[in-house]
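This report refers to the structure that appears directly beneath it.
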Amino acid sequence: MKKKLKLKKREKELMDIDITSLLDILVILLVFLLKSYNASDLKLDLAKGLSLPNSKSRLLGNHAAIVQVNKNKELFINNKKIGNLTSGRKIASLETELKKIKEKEDEEEPKKNAKKKNRRNINIVLDRELQYKDMKKIMHTAAMVGYTNFKFIVKGDY
Amino acid sequence: MTTRRKSKKVEKLNLIPILDAIFIFIFFLLMSAQFIDIYQVGSDAPVTSTLTQEQEDKKKPLNLSLVITKNYILVKGGMDSRVIKKIGMTNGDYEINELKETLMSLKEKHPKESTVIFKPSSNVKYEKIVALMDTVKEFHKKVGNRVAKKDLFKKIVFETI
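Residue numbers (this note's numbering), protein chains in the order written: chain A, 27 to 184; chain B, 1364 to 1524.
As structure tokens, this is what we get:
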């Protein structure tokens, strides 16, 4: 009796990957990200060496020109370094840059900016260790160009 | 004779589309996530306005101002800027509770007033000014399990910028 060797053609079965644990991780990650969702349209990249002061304010920021000054008195506008805080009442480099931004805003939305006239918003991000004299220079320079609605960006204090 | 039982195949739920949706959702949330809670405290440049005779004849304005130095705060009011209260310091911090009480009593006498003028010295630290801005804007009071919020002087103007 011949033993017939039956070569059973095994059907290739697809390996099942158990993705339940991966899904668990993703759901937890999703919950965490939902919690840290930012409803405001202000996108802020903090400059190096800048610590924000704490505040109990809960007003969300809005999109506007961002001026940052870190603890080394380095000046940034819209994430671009433009120099350092100078002596004197006005900061020439800041004035020049703000004028350019103002012109660009007027070109992009002339009707909207005509209504604002000289009451434009400016986000001021200062290091907590700076003094009022530095803050005053920034406000004075911004006001000279027409940015008179100062919005000081702070960190939530819980 | 034996009969073959057909083994029931258990239908497994296809999780791949759910996984795709979650991945895209996570990407979107990562782009808009903010890991430091940032907020804003507003202040406007001073705007001058002239009082009409009618307005002048009505109740005199409070004209509240805070002279902030490194060691104390002077709460001034009235058209003659007389000193209402001097707030000292304890352990390097201003006596915030005393300032709050003073502001609350002023607010009770002048409920329609909402402007305060800040006059800090050049050497006052920015973080102290922000803390004072928080103090003058609102007052938080615990009432049982709830925290009641009361507006004080929401419009802050810095003098001589």
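Glycine included, C-beta positions come from ideal geometry on N, C-alpha and C.
**OP:** Check each candidate in A/D67, A/I103 and A/G109 and name the one with the smallest Cα separation from A/I127.
**Re:** Out of A/D67, A/I103 and A/G109, A/I103 has the C-alpha closest to the C-alpha of A/I127.
Subject >> Exposed unless 16 or more other CB atoms sit within 10 angstroms - verdict on B/Y1435 >> reply: Under this definition B/Y1435 is an exposed residue.
Original post:
Ends of the beta strand (DSSP E) at B/P1331?
Top reply: There is simply no residue 1331 of chain B to check, as chain B begins at 1364 and stops at 1524 in what is shown.
**OP:** Report, in whole angstroms, the separation of the C-beta atoms of B/L1427 and B/I1480, which I expect to be a contact under 8 Å.
**Re:** The C-beta distance from B/L1427 to B/I1480 rounds to 7 Å, short enough to fall under 8 Å.
Subject >> the stretch 1370–1389 of chain B in contact with the stretch 1455–1472 of chain B per 3-pair CB rule at 8 Å >> reply: The answer is no - the stretch 1455–1472 of chain B does not touch the stretch 1370–1389 of chain B, with fewer than three Cβ pairs under 8 Å.
Original post:
Given a limit of 8 Å on CB to CB distance, which residues of the stretch 1473–1488 of chain B reach chain A?
Top reply: For chain A, the residues of the stretch 1473–1488 of chain B that bring a beta carbon within less than 8 Å of one of its beta carbons are P1483, S1484, S1485, N1486, V1487 and K1488, in chain order.
Original post:
Along the chain, where does the beta strand (DSSP E) that runs through A/V95 open and close?
Top reply: If you look at A/V95, you'll find it in the beta strand (DSSP E) that goes A91 to V95.
**OP:** Inspect the CB distances between the stretch 80–90 of chain A and the stretch 169–182 of chain A and report whether three or more fall short of 8 Å.
**Re:** Between the stretch 80–90 of chain A and the stretch 169–182 of chain A, the count of Cβ pairs shorter than 8 Å is three or higher; the stretches touch.
**OP:** Identify every run of the alpha helix (DSSP H) within the stretch 42–129 of chain A, keeping only runs that are complete inside it and at least 4 residues long; order them along the chain.
**Re:** Correct list: 46–61.
**OP:** Would you check if the distance between the CB atom of A/V171 and the CB atom of A/I92 is smaller than 8 Å?
**Re:** By the CB criterion at 8 Å, A/V171 and A/I92 fall outside the cutoff.
Original post:
So is B/F1521 buried or exposed if we call it buried at 16+ other beta carbons inside 10 Å?
Top reply: By the 10 Å Cβ count, B/F1521 comes out buried.
Original post:
Can you tell which of A/N147, A/R146 and A/M161 has its C-alpha closest to the C-alpha of B/N1486?
Top reply: Restricting attention to A/N147, A/R146 and A/M161, the CA atom closest to the CA of B/N1486 is found in A/M161.
**OP:** Specify, as a first and last residue, the run of the beta strand (DSSP E) that B/A1494 falls within.
**Re:** No beta strand (DSSP E) holds B/A1494; the alpha helix (DSSP H) holding it covers Y1489 to K1500.
Subject >> Bridge-paired residues (DSSP) for A/F178 >> reply: Note: A/F178 sits in a beta bridge opposite A/I150 and B/V1404.
**OP:** Give the residues of chain A in contact with B/D1400, contact being defined as C-beta atoms less than 7 Å apart.
**Re:** Near B/D1400 (Cβ distances below 7 Å), the residues of chain A are K181 and G182.
Subject >> Neighbour list for A/S62 in chain B, Cβ cutoff strictly below 7 Å >> reply: Annotation: Cβ neighbours of A/S62 in chain B (cutoff 7 Å, chain order): A1396, Q1397 and F1398.
Subject >> Within chain A, partners of B/D1407 - CB distance below 9 Å >> reply: Taking the beta carbon of B/D1407 as reference, the chain A residues within 9 Å of it are R145, T174, N175 and F176, listed in sequence order.
Subject >> Within 8 Å, strictly: CB atoms of B/K1513 and B/E1501 >> reply: Pairing B/K1513 with B/E1501 gives a Cβ-Cβ distance under 8 Å.
Subject >> Segment contact flag, the stretch 60–67 of chain A with the stretch 1390–1404 of chain B, C-beta cutoff 8 Å, min 3 pairs >> reply: Cβ pair count under 8 Å is three or more, so yes.
Subject >> Whole-Å CB distance - A/L14 paired with B/F1388, under 8 Å assumed >> reply: Chain A is shown from 27 up to 184; residue 14 of chain A falls before or after that span and cannot be answered.
Subject >> Beta bridge counterpart(s) of B/Y1457 as assigned by DSSP >> reply: In the DSSP assignment, B/Y1457 is bridged to B/M1452.
**OP:** State the beta-bridge partners of B/H1503 as determined by DSSP.
**Re:** Per DSSP, B/K1512.
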